[in-house]
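Peer 1:
Protein chains: 2
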Amino acid sequence: MTPTTRADCVELDRTDPLAAFREEFVLPEGVVYLDGNSLGALPRATPGRVADMIEREWGRDLIASWNTAGWWDKPRTLGAKIAPLVGADPDEVVVGDGTSTNLFKALVAALRMSDRDIVLGESGNFPTDLYVTEGAARLTGAVQRRVDPDGPELAAALATGDVAVLLLSHVDYRSGTLRDLPAITRMAHEHGALVVWDLCHSVGAVPIELSRSGADFAVGCTYKYLNAGPGAPAFLYAARRHHAVADQPLSGWHGHANPFDFAPEYEPAPGVSRFLSGSQPLVADAALEASLDVWAKADMAQVRVKSLAMTDLFLRITTGEEPGRRPPLRAVGRRPMVGDGWAGLESVTPLDHAHRGSQVALLQPEEGAGYPIVRALIERGVIGDFRAPDVMRFGFTPLYLRYVDVYDAATALVDVVETGEWRQERFARRAQVT
Amino acid sequence: MTPTTRADCVELDRTDPLAAFREEFVLPEGVVYLDGNSLGALPRATPGRVADMIEREWGRDLIASWNTAGWWDKPRTLGAKIAPLVGADPDEVVVGDGTSTNLFKALVAALRMSDRDIVLGESGNFPTDLYVTEGAARLTGAVQRRVDPDGPELAAALATGDVAVLLLSHVDYRSGTLRDLPAITRMAHEHGALVVWDLCHSVGAVPIELSRSGADFAVGCTYKYLNAGPGAPAFLYAARRHHAVADQPLSGWHGHANPFDFAPEYEPAPGVSRFLSGSQPLVADAALEASLDVWAKADMAQVRVKSLAMTDLFLRITTGEEPGRRPPLRAVGRRPMVGDGWAGLESVTPLDHAHRGSQVALLQPEEGAGYPIVRALIERGVIGDFRAPDVMRFGFTPLYLRYVDVYDAATALVDVVETGEWRQERFARRAQVT
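Same order as they appear, the protein sequences are chains A and B.
Count the first sequence with UniProt numbering and you get residues 1 to 434, in order.
Count the second sequence with UniProt numbering and you get residues 1 to 434, in order.
(1) Tell me the rounded alpha-carbon separation between D216(B) and T397(B).
(2) Which residues, taken in chain order from the stretch 66–91 of chain A, show a beta carbon closer than 8 angstroms to some beta carbon of chain B?
(3) Please confirm whether A269(B) and A286(B) have their CB atoms less than 9 angstroms apart.
(4) Here's the rule: buried if 16 or more other CB atoms are within 10 angstroms of the residue's CB, otherwise exposed. What is Q424(B)?
(5) For L27(B), I'd like the list of residues in its chain whose CB is within less than 8 angstroms of its CB, leaving aside the five on either flank, ordered along the chain.
(6) How would you list, in chain order, the residues of chain A whose beta-carbon sits under 8 angstroms from the beta-carbon of W58(B)?
(7) For G121(B), report the span of its beta strand (DSSP E) as first-last.
(8) May I ask you to report which of helix, strand or coil DSSP gives G48(A)?
(9) Can you tell which of G271(A), L62(A), P3(A), N125(A) has the C-alpha that lies nearest to the C-alpha of E265(B)?
(10) Measuring only the C-alpha atoms, how far is V196(A) from V147(A)?
(11) Pick from F386(A), G278(A), Y371(A): whose alpha carbon is nearest that of P127(B)?
(12) Can you give the Cα-Cα distance for L107(B) and W71(A), rounded to whole angstroms?
(13) Could you spell out the range, first to last residue, of the alpha helix (DSSP H) harbouring R423(B)?
(14) Please determine, among D129(A), V414(A), V50(A), the residue with the shortest C-alpha to C-alpha distance to R373(A).
(15) Counting only runs that start and end within the stretch 18–76 of chain A, where is the alpha helix (DSSP H) found for 4 or more residues in a row?
(16) Suppose you measure from the CA of V348(A) to the CA of G252(B); what does that come to, to the nearest Å?
(17) Between the stretch 275–297 of chain A and chain B, which residues of the former have CB atoms less than 7 angstroms from a CB of the latter, in chain order?
(18) Helix or strand or just coil, what does DSSP make of E92(A)?
(19) Smallest Cα separation from V283(B): which of R274(A), Q302(A), G229(A)?
(20) Give the straight-line distance between the Cα atoms of D299(B) and I317(B), rounded to the nearest whole angstrom.
(21) Compare the C-beta of W253(B) with all C-beta atoms of chain A and state if any pair is closer than 9 angstroms.
(22) DSSP three-state label for R14(B), please.
(23) Check for me: the beta strand (DSSP E) holding R393(A) runs from which residue to which?
(24) Excluding five sequence neighbours on each side, which residues of the same chain lie with their C-beta closer than 7 angstroms to the C-beta of D52(B)?
(25) For S100(B), which residues in chain A fall below 7 angstroms Cβ to Cβ?
(26) Does the stretch 306–316 of chain A touch the stretch 65–80 of chain A, meaning 3 or more C-beta pairs lie closer than 8 angstroms?
(27) For V165(A), which option in L111(A), V31(A), P249(A) has the closest C-alpha, if you only look at C-alpha atoms?
(28) Examine chain B for any beta-carbon lying closer than 9 angstroms to the beta-carbon of P328(A), and answer yes or no.
(29) May I ask you to report which of helix, strand or coil DSSP gives R356(B)?
(30) Return helix, strand or coil for I383(B), following the three-state DSSP convention.
(31) Could you tell me which residues DSSP pairs with T177(B) in its beta bridges?
(32) From D261(B), A263(B), R429(B), N227(B), pick the residue whose C-alpha is nearest to that of D293(B); which is it?
(33) Would V245(B) be called buried (16 or more neighbouring beta carbons within 10 Å of its own) or exposed?
(34) Using only the alpha-carbon positions, how far apart do R430(A) and D35(A) sit?
(35) How would you label A183(B), buried or exposed, when you count the other beta carbons within 10 angstroms and need 16 or more for buried?
(36) Short of 8 angstroms Cβ to Cβ, which residues in the stretch 119–144 of chain A face chain B?
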């Protein structure tokens, strides 16, 4: 069914196979939360799990918990719980540190496996990917090159044959464009390049098949679609075939083959544990564990079906486009104008399903309109966010959003734009961050 | 008063100016916890503070908390709370990542400030310091050299004039030896070397004066004496005079001068924020904040007085030595024998106050005795730990230990050794980790 009315959405929610998951999350009253692509909502089990970790594991059992509560192995046991979400084997993923740090480890390890010296990245990637590449390249003598990965330049840049490592975001943080991970990985390998995937905006949002695609390395965060809490520990995937040779630079004692020998020289652990460095924040790990236990019950194929249905619905109401049919206006080189869509809104997110993650990015053609529109929507209880220079971002999280939420949010957005409500001066004043 | 009986200790506790702090911590019934140098005890305020952070800041306010709850600035506001504990200005310390990662940043930044290429470290330093130095040296083309920092080799190694960076632990993790931070810093500077101090085993244990000593960089953990929870975020200190030039390799977006410009090129922030990389685990930060609020009320001079009185007492009962008088047996080249001390125990920790941190490390001269003695003591409710090859470690935390606790622990240890209780076979069986 293609929903067109709110009643249609009520009916879709009634038969939604994922409907029960909503009860697993805490959601503020009167809010439609479309920013789970920035910070996932709180799982209902998290406060209790964290309290138990703090009061029993830490407060009562103290250092004994390094053994009895499995603290020492958390980077591996949590990694094993993330593995099915990224299509990896349980012993190919470890949890720890932040995305930036893991990216640095993966990039340097990959560069050391190649006799070439170019790191190919995307011009529009999330800044930390650009900056960390800059840092890793400087230290290793490599050179950063950037292309638009959604155009023909990617193939051309790989075809030069001098690319050591390709670093791409699986889903673009701004536009929500989903890249063809298997095809790009194959193309990179054909040209002798290794691939590091940044999964921050795709893990928990779309099905991922790292092993089957032959991906080399991947990193990702857990605080967006995975609901592990602000700044929660990140993860790193290394294909098993690279474990014996991967040589990462942050050689700390948790990555040692025999950490409790306290040996004077570093000897990397045989498996993916060699990517670990030091102790990890176990209070934060407890929150991650609680959220991964929710994800263990979710079927990613169902998540994807609902995600696409929700973004279709949102796009249809806000832009008047018929999603799934054709590329967005901007991509076909046409200047958008008010009247192009129902409310003058244009989608930056691809309309075709194969290239869409689980977020929708919209433009309103007037300069400077994005920010106040988002603020005006927030005042109505619809939380999205804004990314410079002009993008309004809306994330869709099938585990805790209903079709009626999407309908209500989309119609509120149209109303805010059509009535000119967003033009009130107070909406233009910038908050410090968001 | 030099306490010699349990009644003396009861009296000392009655007049202890720090006595009230014990109520601020959760301590398991029937346990004397002498492992706060490994994992600090749980502050009573922590569970509530973390629950509030999770349920209100994350669960209810969601992304708005990046502004309203000060999430974005946590690395700086928490750094400012650590600053007085290390003798730094509030804007010279940031919190984030782990000790190993911060060590890597500080080492590479220091190496880049020098035209020399030797990193001088300690042969017996905690392994991660050795391994991270190895990793940083390989990437930068530097060379690691190691000496015993408590012997004459340190001065000789610095005098060669080719040392770029000296990396030392302020307190040795095994022996508890305290190094003279101001004097060593001065000596290093006289020879043109920069100094990176590892404060893991000294912060919260002894007063520290980084600024006044002219220290260049320092890193430390917060989960030992600072009670922030297992694996809690670490901190990094950079002297203000280095802020404009320090160039660290993990250039992520949180270290950018204008992170919300999403600029394509990296430009480091003007202050110590340039040492930040990516998002930090805010759930763990909340636990750190709760513990630092306890520390804000503590007078480090009082902490030091009580710490020395407690380690004196413990040493007197367990080794029969008169602490504060002379160096330990091993240091004067004499082979210890049963009968040397009351229970045949020898101190590896210096007896003179100037060289003692807040822990005591003991040896029992029989090979392999250390581990089962520690296990037998744990069965009696006295928790210390064991470090290969043969050291029994006991940490003293003046905020939550009483003199009677120290008396009871010391007499229990003497009893376990004298009665031969530890020789029971079950104590020799190794647990997976400690």
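For glycine and all other residues, C-beta sits at the position ideal for the given N, C-alpha and C.
Every value quoted in this text rests on a predicted model; they were computed, and no experiment measured them.
Peer 2: So, from the listed chains and residues:
(1) 28 angstroms
(2) W66, N67, W71, W72
(3) no
(4) exposed
(5) Y33, A41, Y400
(6) L39, L42, G229, P230
(7) 118–122
(8) helix
(9) N125(A)
(10) 15 angstroms
(11) G278(A)
(12) 28 angstroms
(13) Premise fails: R423(B) is in no alpha helix (DSSP H) and is neither H nor E.
(14) At residue 373(A) the sequence reads Ile, which differs from the Arg that was named. Out of D129(A), V414(A), V50(A), V414(A) has the C-alpha closest to the C-alpha of I373(A).
(15) 46–52, 65–68
(16) 26 angstroms
(17) S277, G278, S279, Q280, P281, L282, V283, A284, A287
(18) helix
(19) G229(A)
(20) 27 angstroms
(21) yes
(22) helix
(23) 391–395
(24) none
(25) L250, G252, S277, G278
(26) no
(27) L111(A)
(28) Bear in mind that a pLDDT of 45 at P328(A), under 50, signals an unreliable position, so the number given afterwards is only what the model happens to contain. Not one chain B Cβ lies under 9 angstroms of P328(A).
(29) strand
(30) strand
(31) R356(B)
(32) N227(B)
(33) exposed
(34) 18 angstroms
(35) exposed
(36) S123, F126, P127, T128, L130, Y131, V132, E134, G135, A136, R138, L139, T140
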